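Colleague: My questions will all concern the structure given below.
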């Protein structure tokens, strides 16, 4: 009887280990994307996991809202997982001074647009570096 009980416990423990391993393989891996402003001017950044346009950035229709990033500063963007792309739009302060919001919206203007898969972001250590070029 004791031997049967030990075998039952061993089978239950083995089942738990296998289920735990399978569950961990099904979990999505997450990464937090950081934006680095490697310029001497302020930039306005918007990032999202769905494609969006300059008007969404400027009118803050999407969450997270537009972020103002001072020169040589880094900021935490958004969390993405293996199923996501990340889309970012950057507009410099000088462009904001040069063009009106309606002009930028009409032409879908930006100083930079980025689109990366999760795997591409992972290869970049989840950092997007804006150099102004």
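Numbering (the numbering used here), first residue to last: 1 to 133. We put the CB at the ideal spot given by N, CA and C, even for glycine. The model shown is predicted, which means the values in this text are computed figures rather than measured ones.
Could you round the C-beta distance between residue 78 and residue 86 to whole angstroms and report it? I think they count as a contact, below 8 Å.
Modeller: Correct: roughly 7 Å between the Cβ atoms.
Colleague: Please go through the segment 33-74 and give each complete alpha helix (DSSP H) segment of 4 or more residues, from N-terminal end onward.
Modeller: Counting only runs of 4 or more, we get 54-58.
Colleague: Specify the secondary structure class of residue 94 as computed by DSSP and reduced to three states.
Modeller: Three-state DSSP puts residue 94 in a helix.
Colleague: To the nearest angstrom, how far is it from the Cα of residue 25 to the Cα of residue 114?
Modeller: Interpretation of residue 25 is limited by its pLDDT of 45, a score under 50 that renders its predicted location unreliable; no figure is taken from the coordinates.
Colleague: How far does the alpha helix (DSSP H) with residue 118 in it reach, from first residue to last?
Modeller: That run of the alpha helix (DSSP H) goes 118-123.
Colleague: Check whether the Cβ atoms of residue 84 and residue 59 sit closer than 8 Å, and answer yes or no.
Modeller: Taking 8 Å as the Cβ cut-off, residue 84 and residue 59 do not qualify as a contacting pair.
Colleague: Report yes if the CB atom of residue 80 is closer than 8 Å to the CB atom of residue 46, and no otherwise.
Modeller: Cβ atoms of residue 80 and residue 46: not closer than 8 Å.
Colleague: Residues in the same chain with beta-carbon distance under 7 Å from residue 111, minus the five sequence neighbours each way, listed in chain order, please.
Modeller: Cβ neighbours of residue 111 beyond the five flanking positions: 90, 91, 92, 95.
Colleague: Quick check on the burial criterion: 16 or more other C-beta atoms within 10 angstroms. Buried or exposed for residue 101?
Modeller: Residue 101 comes out exposed.
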